[in-house]
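Numbering (full-length UniProt numbering), first residue to last: 1 to 369.
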Amino acid sequence: MTLRSVAILLLFGLLGAGLWAGGVFAHRQELSKREQASGPVSALDADNPLSPLPRPPLGIDRSFDELSIPPTPETVRLGRWLFFDKRLSADGTISCATCHRPANGFSEPTPVSTGSRGQKGTRKAPPILNLAWTIFPNFFWDGRAGSLEEQALGPVTNPIEMGNSHEAMIATISGIKAYAPYFSQAFGDAAISKERIARAIADYERTRLSGNSPWDRWQAGDANAVNDQVKLGHQLFFFGKAACNQCHLGQNFTDSQFHNLGVGWDEQAKTFKDEGRSVVSRRTEDRGAFKTPTLREIASRAPYMHDGSHKTLREVVDFYSKGGQPNPHLSPKMKPLNLSSSEVDALVAFMEALSGEGYQDAGPTLFPQ
C-alpha cells in the first residue's frame, strides 16, 4: 500500500469518526431536550410504563379481541393511575384501590367497606377479576350497574364511598396538568370527561386477570399440581353432592346471577338487613338475593359473603352444608348437603387451589401532578 493510500484511508477514518461523534452528540442533545421538556413525565413513564395488554393466563381461554371495543395499552395505563388516585374522592382519601385491594384479590380484608370520612358501608367490596368476559353485564352485589364503566363511576358519587360529584371529579383531574398528555394518548385529545375517566378505569379493571392456579395446571395435565384432597374437593364441587357448580360455573366460577342464601335474614324481625337484588329489580322474589361472586383468589378474600359475615372458608362451606338460612325467598338450590368434616376440608382445599397469578399489582408510586 502506498503512502498516499494510507493517507486517504486515515482521512476517511477521521471523517467517519467525526461524523459518528457528531451524530452521537446530536442524539444526546435531542434526548436532553426531551428530558428537559418532559420533566417529571419521564419519571411517570418509568413508574407506570406503557405495556402490552396482558395475555390471559392458563385457565382463561379468552381474548380481548372478542370485545366490541377492546382495551388499549394507553387506556389501561391511564386507568391504572385513576384507579389508584385518591384525588377522585371529595376529601382526597379514597381511591378505587382503597376497597378493591390487589393483595386481597381486588376485594378487601374487612367485613364491609370504609369510605369517605371514615363512614362504614353495609357491604364488602366484590372482587374485580376476569370481568372483561362476564356472562351477563351486571355489576355490584345487586347488579345495578349495566357496564364496567357505570360501575367505575358509581362509587364516586356515593356519599359513603367517595362522596364526590362527577363535576367536581372532572374539575380536579382537569386541574392536574400532567394528566393531559395521557388523556391525549388514550383518546386522541386532552379533553377530560366522566365517560373517558370511566372508560380508562374500566379498561384497567378488564386487565385484572386471575389464572394459572394449581387447579388450572392440573386440568392442563400436570398430575402433580394438586394433591388428593383437592381432587376429592373437585369431585364434590362438580360431580358430587356439593354441586357447587350449579352457580359457580365457567372459567370464572360464577353464573353472574342472583341467589338468596339466607345471608342477612333476621328471623326475629322476619326481614333482611339488606334487601339485595330486589331494590334494583323491584321483584319480591329477589329479596335477599345477591350476585354469585367468582371463586378465583377466594383464599385471599376473607371474610366472606356480601356482608363479610363468615370469617373463614370452612364457615362458608358449613353454612351451605346446612342448607343456608331458611327464609320465605330461599333459593330452591339451597338444600342440606350433610357434608362430612373431611368433605368440608376437601372443598376448602379445592377452593384454595384456585389461587393463581396475573392480577397482582402494587399500583403506581408516582401520580401526575
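Positions of the beta carbon are idealized from the N, C-alpha and C atoms, including for glycine.
Quantities reported herein were computed from a predicted structural model and do not represent experimental measurements.
Item                                                                                                                                                               : Value
What's the C-alpha gap between Leu88 and Val348?                                                                                                                   : 38 Å
Ignore the nearest five residues each way along the sequence and tell me which others in Arg144's own chain have a CB closer than 7 Å to its CB.                   : Val280
Distance check for Ser193 and residue 374, CA to CA, integer angstroms please.                                                                                     : In the structure as shown, the chain starts at 1 and stops at 369, and residue 374 therefore has no counterpart that could be examined.
Can you tell me the Cα-Cα spacing of Val263 and Lys124, whole angstroms?                                                                                           : 13 Å
Pull up the DSSP beta-bridge partners for Ser107, would you.                                                                                                       : Arg101
Specify, as a first and last residue, the run of the beta strand (DSSP E) that Ala289 falls within.                                                                : Ala289 to Lys291
Output needed for Thr365: all residues of its chain with C-beta closer than 8 Å, excluding positions within five of it in sequence on either side, in chain order. : Asp47
Using a 10 Å radius around the Cβ and a threshold of 16 neighbouring Cβ atoms, would you call Ala289 buried or exposed?                                            : buried
Within 8 Å of any Cβ in chain C, is that where the Cβ of Asn48 sits?                                                                                               : Included in the structure is just one protein chain, with no chain C present.
Kindly give me the distance between the Cβ atoms of His100 and Ile135, rounded to whole angstroms, as I take these residues to be in contact under 8 Å.            : Not a contact, Cβ separation roughly 20 Å.
Go through its chain and collect everything with a Cβ distance to Ala225's Cβ below 6 Å, but skip five positions before and after it.                              : Pro214, Arg217 and Trp218
Tell me whether Tyr359 sits in a helix, a strand or coil according to DSSP, three-state version.                                                                   : coil
Between the C-alpha atoms of Ala198 and Glu343, what's the straight-line distance to the nearest angstrom?                                                         : 44 Å
Tell me whether Trp215 sits in a helix, a strand or coil according to DSSP, three-state version.                                                                   : helix
Using only alpha-carbon positions, find the residue among Met351, Gln246, Ile69 and Arg80 that is nearest to Gln229.                                               : Met351
Taking Met334 and Gly323 to be in contact with their CB atoms under 8 Å, please state how far apart those CB atoms are, rounded to whole angstroms.                : 5 Å
Look at the alpha carbon of Gly296 and the alpha carbon of Asn252, and state the distance between them as a whole number of angstroms.                             : Inspection of the sequence shows that residue 296 is occupied by Arg rather than by Gly. In a straight line, the C-alpha of Arg296 is about 7 Å away from that of Asn252.
Can you name the residues that DSSP bridges to Tyr320?                                                                                                             : Answer is none; Tyr320 lacks a bridge partner.
With burial defined as no fewer than 16 other Cβ atoms inside 10 Å of the residue's Cβ, what is the status of Gln360: buried or exposed?                           : exposed
Nearest by alpha-carbon distance to Trp133: which of Tyr179, Ile201, Arg206 and Leu337 is it?                                                                      : Arg206
Would you grab the beta carbon distance between Gly211 and Leu58 for me? Rounded to a whole angstrom, and I think it's under 8 Å.                                  : 5 Å
Between Thr254, Ala269, Asp345 and Gln369, which has its C-alpha nearest Trp141's C-alpha?                                                                         : Thr254
Give me the residue from Ala103, Pro368 and Gly115 with the minimum Cα distance to Ala90.                                                                          : Gly115
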